[in-house]
Ligand SMILES: C[S@@+](CC[C@H](N)C(=O)[O-])C[C@H]1O[C@@H](n2cnc3c(N)ncnc32)[C@H](O)[C@@H]1O
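Numbering (this note's numbering), first residue to last: 305 to 542.
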């Protein structure tokens with residue numbers, strides 16, 4: 305039997321209106337929609353974002369992924385979930401894997417896609433890009449990422465401020481995702497680099513409880529939501 309197509313669909317970062325027409329079209333065309341959630345709970349933000357657009361009664365299958373950095377556990381979960389998805393595709397069904405923001409930007413979809421391509425290279429894959437969290441956040445904060453010959457880069461803050469130190473001399477603007485765990489360490493680094501005045505923290509962008517904080521120092525010692533990122537404009541901070 306001819307296999308179905310695997311679609312990776314970005315559903316935007318939090319505001320359900322920041323989804324593309326193409327994404328909505330695919331969500332209403334496929335037979336099955338896969339939504340990733342942490343193995344601790346069933347909640348899927350991507351599904352929350354997408355559900356008002358899913359009008360064709362596609363079957364929704366939740367896939368659980370552990371929130372761990374342990375490579376072996378992660379690979380096991382990618383493989384198991386890839387097999388589950390593949391079982392539907394091999395019945396000839398078109399399926400969509402939805403992700404918040406963009407599917408190929410810090411997303412589980414990337415690993416699942418590569419695992420499926422390795423297991424079954426004949427399966428057609430199509431990726432529908434999404435509005436990323438940092439595009440929505442810079443818009444909400446009205447901060448320019450780059451103009452003229454400037455450069456910007458996107459890094460992970462999950463280890464603290466080390467990556468920021470490595471890149472800050474080469475670019476004008478740094479976007480740090482995953483800042484929620486080590487916010488204080490990141491604030492220390494901004495202070496050390498003398499650029500803390502150029503930082504903006506955006507949490508739960510596009511949601512009812514969105515926060516845009518132009519002085520993240522005042523959040524020191526506080527817990528910020530998982531959906532938080534930092535925009536650092538070097539020149540503004542000096
Ligand atoms: C696993 S990454 C997902 C990135 C996503 N695929 C994208 O294109 O932006 C999760 C991180 O994205 C950022 N993020 C995602 N949605 C966000 C939102 N609505 N507001 C603020 N940050 C968000 C946070 O830094 C969070 O820790």
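Beta carbons are placed, not taken as given, at the ideal position from N, Cα and C, and that holds for glycine.
Rounded to the nearest whole angstrom, the C-alpha separation of residue 536 and residue 331 is 35 angstroms. With respect to the C-alpha of residue 324, the residue from 341, 336, 313 having the closest C-alpha is 313. At least one heavy atom of ligand 1 lies less than 7 angstroms from the C-beta of residue 434.
In this structure, the alpha-carbon of residue 320 lies about 8 angstroms from that of residue 356. Spanning the alpha carbons of residue 499 and residue 404 requires a straight line of approximately 30 angstroms. In the displayed model, residue 419 falls within a helix according to three-state DSSP.
The C-alpha of residue 385 lies about 8 angstroms from the C-alpha of residue 368. Annotation: residue 406 to residue 530 spans about 17 angstroms, alpha carbon to alpha carbon. Residue pairing from DSSP places residue 517 in a beta bridge opposite 505.
When rounded, the separation of the alpha-carbon atoms in residue 380 and residue 453 is 44 angstroms.
With a threshold of 7 angstroms, the Cβ atom of residue 446 does not count as near ligand 1, since no heavy atom of the ligand is closer than that. Listed by position in the chain, the residues whose beta carbon lies within less than 5 angstroms of some heavy atom of ligand 1 are 317, 318, 405, 406, 409, 410, 411, 436, 437, 481, 482, 509, 531, 533.
Comparing alpha carbon positions, the residue from 506, 497, 362 closest to residue 472 is 497.
Distance from the CA atom of residue 435 to the CA atom of residue 410, rounded to whole angstroms, is 13 angstroms.
In the DSSP annotation of this structure, the continuous segment of the alpha helix (DSSP H) that includes residue 493 starts and ends at 487 to 497.
Distance from the CA of residue 362 to the CA of residue 429, rounded to the nearest whole angstrom, comes to 19 angstroms. Counting the other CB atoms within 10 Å of its CB gives residue 353 a total of 16 or more, which places it among the buried residues. Per DSSP, residue 512 is not a residue of any alpha helix (DSSP H), being assigned neither H nor E. Per DSSP, reduced to three states, the secondary structure at residue 541 is helical.
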